[in-house]
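Worksheet for the structure shown next.
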Amino acid sequence: MDEQTRLMHSHTGVGMAGHPGLPQHMQEGTGGTDGDGRKQDIGDILQQIMTITDQSLDEAQARKHALNCHRMKPALFNVLCEIKEKTVLSIRGAQEEEPPDPQLMRLDNMLLAEGVSGPEKGGGSAAAAAAAAASGGVGADNSAEHSDYRAKLTQIRQIYHTELEKYEQACNEFTTHVMNLLREQSRTRPISPKEIERMVNIIHRKFSSIQMQLKQSTCEAVMILRSRFLDARRKRRNFNKQATEILNEYFYSHLSNPYPSEEAKEELAKKCAITVAQVSNWFGNKRIRYKKNIGKFQEEANMYAARTAVNAANASSHGSQANSPSTPNSAGSSCTRDMPITW
DNA sequence: TGCTATGATTCAAG
DNA sequence: CTTGAATCATAGCA
């Protein structure tokens, strides 16, 4: 008993030293023999609290009940809450209200830009279009890859939202649980609403750090998907034979000036079911490769020249000479062997 | 598996 | 912007 009284004394002494807001009578020790009823009350309560752990469970329950019903209990709890509040605040006062994490903001922005966390419709295709636009034109035959990309993005999006929801739900459940627990405990130990609020904040911060991990891995997944998509675009796929023939036909029948106008490119693109950019690529490659090694292309050149000649002949024999697409100068002759390059 | 053909990309020049 | 030139990376073939 003496020991506990001493402990109690030192407890209150330490806790209240220099505390300006404390009632004077609480700073004067306990268990005095004077007749002050309130002081006696406080002493009783504190003593009961200190001895409660030494008691049997039943006894403790009964004590607890008695304490809860004690008329001085609310006042004592208020004071203890106040002390706690002051000490806790002094320990970690300023670190509340931290600014928004820049990394989190970056992740959020990226998820929004990729259409993962934004509004439901259109986000995926917008991102696909952005990814495509990042490296030149998009062929019509890329649509399969597009939809694949979109499907995968949707998948990522769904997983992200499911997980996010799960975390939020877990967070809410846990918060409610902790709040209930604290409220329950606030009947037996001094817990102020402010403290509960602070605890809730701590929980939220923990959960948002978990969410950040989710966001981070989602971003990584999108990046990987995106790079794969761009790699897939880089994969070469030969044009079909018909398209190649159409392009070659144009090239060799315009050998003196193989620079199709924008309209011609568009028409060729339409005929070959490829993009204008691909037509430009093809002509660019063709010109440079032809010029580099005319000999190698001689046979091909003759073949196409002959073919256009036959076409022209057929067309004229059928009466409609009008608009054969060919030959400013070389189509008529069946041999391009000595065609000088002027371009 | 190595080689060539070929579509795409990059970069500098105009 | 277009073009030429170099280069990359894969398709397709022997």
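Numbering (UniProt numbering), first residue to last: 1 to 343. Glycine included, C-beta positions come from ideal geometry on N, C-alpha and C.
Residue i classed as buried or exposed, judged by whether at least 16 other C-beta atoms fall within 10 angstroms
i	result
residue 219	buried
residue 79	buried
residue 151	exposed
residue 269	buried
residue 57	exposed
residue 156	buried
residue 282	buried
residue 115	buried
residue 243	buried
residue 341	exposed
residue 316	exposed
residue 224	exposed
Residue i versus residue j: straight-line alpha-carbon distance, rounded
i	j	result
residue 103	residue 182	33 Å
residue 41	residue 179	30 Å
residue 81	residue 49	16 Å
residue 208	residue 214	9 Å
residue 113	residue 106	10 Å
residue 272	residue 119	38 Å
residue 293	residue 286	11 Å
residue 159	residue 172	20 Å
residue 247	residue 149	30 Å
residue 62	residue 200	31 Å
residue 77	residue 206	29 Å
residue 45	residue 203	33 Å
residue 296	residue 288	13 Å
residue 66	residue 217	54 Å
residue 108	residue 154	17 Å
Close Cβ partners of residue i (< 7 Å) along its chain, the five nearest in sequence each way excluded
i	result
residue 110	219
residue 55	63
residue 239	272 and 274
residue 266	276
Neighbourhood of residue i by C-beta distance below 6 Å, restricted to the same chain and skipping five residues each side
i	result
residue 211	167
**Report entry** Any 3 or more C-beta pairs closer than 8 Å across the segment 303–313 and the segment 250–267
**Finding:** Yes, since at least three Cβ pairs between the segment 303–313 and the segment 250–267 fall closer than 8 Å, the two stretches touch.
Query raised in the report: Looking at C-beta atoms only, is the number of pairs between the segment 273–285 and the segment 254–263 that lie closer than 8 Å three or more?
Result: In short, these stretches touch, since the Cβ pair count reaches three.
Query raised in the report: Taking the runs of the beta strand (DSSP E) that are 3 residues or longer, which of them lie wholly in the UniProt DNA-binding region "Homeobox" (232–294)?
Result: You should have found no qualifying run.
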